[in-house]
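So the structure is just underneath, and the comments pick up after that.
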Amino acid sequence: MQVTVKILRYNPEKDEKQHYESYQVEADPTDRVLDLLEKIKGYQDGTLAFRRSCAHGICGSCAMRINGRNRLACKTLVQDLNTTKITVEPLLGLRVIKDLVVDMEIFFEHYRAVKPYFVNDEPPPEKERLQSPEERERFDDTTKCILCGACTTSCPSFWANRNYLGPAAIVAAHRFIFDSRDRAAAERLKILSDHFGVYHCHTIYNCTDACPRGIQVTKAIGEVKKAIMTGSLD
Amino acid sequence: MKTHRYEVVVVGAGGAGLMAALQASRRAATAVLSKLYPIRSHTGAAQGGIGAALGNLEEDSPEWHTYDTVKGSDYLGDQDAIEFMCHEAVETVYELEHMGLPFSRTPDGRIAQRRFGGHTNNITGKPVQRACYAADRTGHMILQTLYQQCIKRNVTFFDEFQVLDLIVVNGAAAGVVAIELATGELHVFHAKAVIFATGGYGRMWEITSNAYAYTGDGIAVALRRGIPAEDLEFFQFHPTGIYKLGILITEGVRGEGGVLINDLGERFMERYAPHVKDLASRDVVSRAMYIEMREGRGIGGQRYLYLDVRPETVNKYAAIDGRTNPDGSPYQVTADDIMAKLPEIIDFCRTYMGVDPVTEPMPVQPTAHYAMGGIPTNIRTEVVIDEQNTVMPGLYAAGETACVSVHGANRLGTNSLVDIIVFGRHAGINAAEFARGASFQPLPSDAADFARQQLDRLLNSKGKERPIEIANEMKHTMFDLVGVFRTEESMQQALEKIRELKERYAYIQLHDHGKIFNTELLTAWELGNLLDLAEVTTVSALARKESRGAHSREDYPERDDEHWLKHTLAWLDEDGVRLGYKPVVITKYEPKERVY
Ligand SMILES: Cc1cc2nc3c(=O)[nH]c(=O)nc-3n(C[C@H](O)[C@H](O)[C@H](O)COP(=O)(O)OP(=O)(O)OC[C@H]3O[C@@H](n4cnc5c(N)ncnc54)[C@H](O)[C@@H]3O)c2cc1C
Ligand code: FES
Numbered sequence: 371m372q373v374t375v376k377i378l379r380y381n382p383e384k385d386e387k388q389h390y391e392s393y394q395v396e397a398d399p400t401d402r403v404l405d406l407l408e409k410i411k412g413y414q415d416g417t418l419a420f421r422r423s424c425a426h427g428i429c430g431s432c433a434m435r436i437n438g439r440n441r442l443a444c445k446t447l448v449q450d451l452n453t454t455k456i457t458v459e460p461l462l463g464l465r466v467i468k469d470l471v472v473d474m475e476i477f478f479e480h481y482r483a484v485k486p487y488f489v490n491d492e493p494p495p496e497k498e499r500l501q502s503p504e505e506r507e508r509f510d511d512t513t514k515c516i517l518c519g520a521c522t523t524s525c526p527s528f529w530a531n532r533n534y535l536g537p538a539a540i541v542a543a544h545r546f547i548f549d550s551r552d553r554a555a556a557e558r559l560k561i562l563s564d565h566f567g568v569y570h571c572h573t574i575y576n577c578t579d580a581c582p583r584g585i586q587v588t589k590a591i592g593e594v595k596k597a598i599m600t601g602s603l604d
Numbered sequence: 263m264k265t266h267r268y269e270v271v272v273v274g275a276g277g278a279g280l281m282a283a284l285q286a287s288r289r290a291a292t293a294v295l296s297k298l299y300p301i302r303s304h305t306g307a308a309q310g311g312i313g314a315a316l317g318n319l320e321e322d323s324p325e326w327h328t329y330d331t332v333k334g335s336d337y338l339g340d341q342d343a344i345e346f347m348c349h350e351a352v353e354t355v356y357e358l359e360h361m362g363l364p365f366s367r368t369p370d371g372r373i374a375q376r377r378f379g380g381h382t383n384n385i386t387g388k389p390v391q392r393a394c395y396a397a398d399r400t401g402h403m404i405l406q407t408l409y410q411q412c413i414k415r416n417v418t419f420f421d422e423f424q425v426l427d428l429i430v431v432n433g434a435a436a437g438v439v440a441i442e443l444a445t446g447e448l449h450v451f452h453a454k455a456v457i458f459a460t461g462g463y464g465r466m467w468e469i470t471s472n473a474y475a476y477t478g479d480g481i482a483v484a485l486r487r488g489i490p491a492e493d494l495e496f497f498q499f500h501p502t503g504i505y506k507l508g509i510l511i512t513e514g515v516r517g518e519g520g521v522l523i524n525d526l527g528e529r530f531m532e533r534y535a536p537h538v539k540d541l542a543s544r545d546v547v548s549r550a551m552y553i554e555m556r557e558g559r560g561i562g563g564q565r566y567l568y569l570d571v572r573p574e575t576v577n578k579y580a581a582i583d584g585r586t587n588p589d590g591s592p593y594q595v596t597a598d599d600i601m602a603k604l605p606e607i608i609d610f611c612r613t614y615m616g617v618d619p620v621t622e623p624m625p626v627q628p629t630a631h632y633a634m635g636g637i638p639t640n641i642r643t644e645v646v647i648d649e650q651n652t653v654m655p656g657l658y659a660a661g662e663t664a665c666v667s668v669h670g671a672n673r674l675g676t677n678s679l680v681d682i683i684v685f686g687r688h689a690g691i692n693a694a695e696f697a698r699g700a701s702f703q704p705l706p707s708d709a710a711d712f713a714r715q716q717l718d719r720l721l722n723s724k725g726k727e728r729p730i731e732i733a734n735e736m737k738h739t740m741f742d743l744v745g746v747f748r749t750e751e752s753m754q755q756a757l758e759k760i761r762e763l764k765e766r767y768a769y770i771q772l773h774d775h776g777k778i779f780n781t782e783l784l785t786a787w788e789l790g791n792l793l794d795l796a797e798v799t800t801v802s803a804l805a806r807k808e809s810r811g812a813h814s815r816e817d818y819p820e821r822d823d824e825h826w827l828k829h830t831l832a833w834l835d836e837d838g839v840r841l842g843y844k845p846v847v848i849t850k851y852e853p854k855e856r857v858y
């Protein structure tokens, strides 16, 4: 089948502003949008820039707006879109470096701000620290995050205020706050109760819809809010 | 052009690079350069598990792990290195757990373990539960955990810096040259020690489980600086890639009781590996699948078979095999168990094939997966450059890009994650210690010239060839002619084709002459790496007139220890590939016939 791929292009070395360019591509219904971008780059216009690596939704490189929604290009099949007209744009809210490549620095800065690492200074046992399957299950959902940025850049609160730490950072914090082995929950909750933290979340659910990993992002944020309010992790 | 100075430079930020960085940065001024953001590295794609004889569910020992690995390697692995790795594995897995890695758990709260191909109880010969896992996203968790620890320890990163050249002065490593993707500027990193941890090169084959980034940069850069590549003829084809796409379906599926089925509905692995059946080593299973398909028993006569993990199938064969739980009760699974243990696999199948593995079998075919060969190193991860194992001072390599060799002719599942963690860690420690006792080599004034020339040649090339077409022809050629089965004739044909492609590569045309994020230019440079490695792979494979592990020749179907129990070293000279050989280290286990 023939599809039309309309891409929001920007080359800072040539263009004053972003503009759309359209390409006709021969596609299979089971092609990934990433396959189409590769075909365009390989056969029609080598200047097209985008990030990709794993090509199966696990590395987080290829988050972009596809027909108005944040998705991974490698996890979106042409047939999923139910149309032969595909519009591809860079993520919103981040500076565009070139075409579909955005500057992720602020996103990672927010990630680093929530102490996204295991903290436990008690001397470890000789073997593993014990954790029951139930305790492990408690934070399973938020361990899935691949830091693609789809959630944070779909959030109107982030668009309005880029200092807001955003859903991805809160998900990262959640993963440790609810880990029975970790000891820095209180510090993280304090960071998240600050004015750039969870109270910017207005439960709009864009993040949950955008997450290509199916993480219940809004639920995780809700659990963090509750922990801050009640001072308890139960 | 900017110049930076660090005592240790780590190239690559996957499992091996990050582990090295964590160790090196405690001891010396360290920088990590990666062409991808660290958390985009391919370690994140690893699914099934990391092997370590913890014995959490049943009796096990590092010695058994050692023997299984030696046998799996078809006796080409170096036994001193294997023994070291399998013993270190236990402590290293605990270290990962102490860093917070969220392993799945046993009912009593310990690290959960599952079966994987080739890992056995050495007394009964039965599969043993040795693979420590975090659902089927073990690599994701390892990568995340290590990156998080690097943040905690303030490790210095240069993200999206692609290394193009190694600086060698007075026969020692003196740094690297890298391009910054965001600006197109070249940077020189002056260093006392350099660690290559750049991953594999599976993008050489048409059907592959490997990421776009797997283009063998580290090995190719080293080859251009006169460092040989070891054992490139040994490349693993994993039995279960998603049909046509190559996306990996972890061996953990078979560990949980899934079986391979042909068009007649037979569980054909019984015929090829009567003891461990579907859990034989990967080379054995991939060959069996090829034979089934060649003899017309692919599904509907096509080039794929079924991998069946539906609970009714699992339970049926578990009963036939007499498989039991640790408490002696019969092994039985439910749909919920499958979903809890293999969530990612289920998601891949639903997304890419519209198949639900809980109710339907998965169409699979062998997929190019893992490089057993790479940059030659000794057990201390120092790069060695000839048949006498002479060390190049200051140069280290670890992970899939390196060849220690712990995998020999065939890697066992779960042993790469062990390899990257154990040897990544030692590379970090050893490189930093070396750096602290060494001084900087003088930096040549033209340090960046060779890298710049390589890029300029691509940018100024005046032909009409499209890189994507050359790449596709290379991938077809390698998959069809230098794949699971090989012959003199097929490989000669491949070699001619690769040489033709290398000539055409000199006449490619690029559209992008800009500086910022010129991924067209870098993809073309990577293609040059793959073409060089394709040539080395094919020449090395042609010379080896035997079948061993993943290198399976129809014209020489037997292993030939008398002539070929040795490692290949291949140099890329001006006029082509030059081969040499060095002995295999054998300590405890004399080679014998390999039966599963
Ligand atoms: C789908 C899949 C599943 C797997 N499952 C398992 C499993 O269950 N168990 C197991 O043991 N093994 C498994 N493996 C194998 C294992 O995951 C890899 O071999 C291992 O993770 C490689 O780690 P690494 O650190 O060597 O390389 P990587 O993690 O790939 O890291 C390479 C790094 O090098 C960088 N790099 C590359 N070139 C350059 C350059 N020119 N300049 C700068 N940086 C560069 C990249 O950016 C990246 O950071 C699996 C592999 C795949 C593909
Ligand atoms: S390329 Fe890795 S997530 Fe899309």
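As given, the protein sequences belong to chains A and B, one line each in that order.
Our numbering puts the first residue of the first sequence at 371, with every later residue one more than the last.
Our numbering puts the first residue of the second sequence at 263, with every later residue one more than the last.
Positions of the beta carbon are idealized from the N, C-alpha and C atoms, including for glycine.
As the structure is a prediction and not an experimental result, all values here were calculated from the model.
When the Cα atoms are used, what is the spatial distance from residue i to residue j?
| i | j | result |
| --- | --- | --- |
| Q755 of chain B | V653 of chain B | 36 Å |
| L679 of chain B | E386 of chain A | 47 Å |
| R572 of chain B | D469 of chain A | 44 Å |
| A282 of chain B | V620 of chain B | 40 Å |
| A482 of chain B | D837 of chain B | 16 Å |
| R441 of chain A | C518 of chain A | 9 Å |
| L559 of chain A | V646 of chain B | 50 Å |
| E808 of chain B | S814 of chain B | 8 Å |
| F528 of chain A | F741 of chain B | 47 Å |
| P364 of chain B | M403 of chain B | 7 Å |
| L244 of chain B | A307 of chain B | Here chain B has residues from 263 to 858 only, and residue 244 of chain B is not among them. |
| G519 of chain B | T643 of chain B | 37 Å |
| P495 of chain A | A351 of chain B | 17 Å |
| K737 of chain B | G745 of chain B | 10 Å |
| F509 of chain A | D549 of chain A | 6 Å |
| H426 of chain A | Y474 of chain B | 11 Å |
For a contact meaning CB atoms closer than 7 Å, what does residue i contact in chain B?
| i | result |
| --- | --- |
| H426 of chain A | I509 and F610 |
| D523 of chain A | Just to set this straight, residue 523 of chain A is Thr in the shown sequence, not Asp. Chain B residues near T523 of chain A: none, gap ~15 Å exceeds 7 Å. |
| Y393 of chain A | The contacting residues do not exist; Y393 of chain A stays about 14 Å from chain B at best. |
| T513 of chain A | P364 and M403 |
Given residue i, which residues of its chain have a CB within under 6 Å of its CB, disregarding the five upstream and five downstream residues?
| i | result |
| --- | --- |
| G387 of chain B | H537 |
| G635 of chain B | E492, D493, L494, F496 and C665 |
Whose Cβ in chain A lies nearer than 8 Å to the Cβ of residue i?
| i | result |
| --- | --- |
| S366 of chain B | P503 and R506 |
| Q410 of chain B | P486, Y487 and F488 |
Using the beta-carbon of each residue, which ones in chain A are nearer than 9 Å to residue i?
| i | result |
| --- | --- |
| H825 of chain B | Those within 9 Å of H825 of chain B in chain A number zero; the least Cβ separation is about 40 Å. |
Take residue i and list the residues in its own chain whose beta-carbon comes closer than 8 Å to its own, dropping the five residues that flank it on each side.
| i | result |
| --- | --- |
| D398 of chain A | M371 and V448 |
| S723 of chain B | A768, Y769, I770, Q771 and L772 |
| D579 of chain A | R439 and S524 |
Under 7 Å Cβ-Cβ, which residues of chain A neighbour residue i?
| i | result |
| --- | --- |
| D774 of chain B | G416 and T417 |
| M361 of chain B | F488 |
| R302 of chain B | S423, C429, G430 and S431 |
| P369 of chain B | P503 |
Taking residue i as the query, report the chain B residues whose CB atoms sit under 8 Å from its CB, ordered along the chain.
| i | result |
| --- | --- |
| P607 of chain A | Because chain A spans 371 through 604 in this model, residue 607 of chain A falls outside it and cannot be assessed. |
Whose C-beta lies closer than 7 Å to the C-beta of residue i among residues of the same chain, with five residues either side of it excluded?
| i | result |
| --- | --- |
| E557 of chain A | K485 |
How would you list, in chain order, the residues of chain B whose beta-carbon sits under 9 Å from the beta-carbon of residue i?
| i | result |
| --- | --- |
| K387 of chain A | In chain order: nothing, as chain B lies at least about 16 Å away. |
| request: Select from the stretch 529-557 of chain A all residues with a C-beta closer than 9 Å to any C-beta belonging to chain B, and list them in chain order. | output: A542, R545, F546, D549, R551 and D552
| Interface positions of the stretch 502-527 of chain B facing chain A (Cβ-Cβ less than 7 Å), listed along the chain | I509
| task | Note down, in chain order, all residues in the stretch 725-744 of chain B with a beta-carbon under 7 Å from any beta-carbon belonging to chain A. | result | R728 and I730
| task | Please list the residues of the stretch 440-459 of chain B that have a C-beta atom closer than 7 Å to any C-beta atom in chain A, keeping them in chain order. | result | A444
| request: Could you name the residues of the stretch 663-691 of chain B whose beta carbon sits closer than 8 Å to any beta carbon of chain A, in the order they occur along the chain? | output: none
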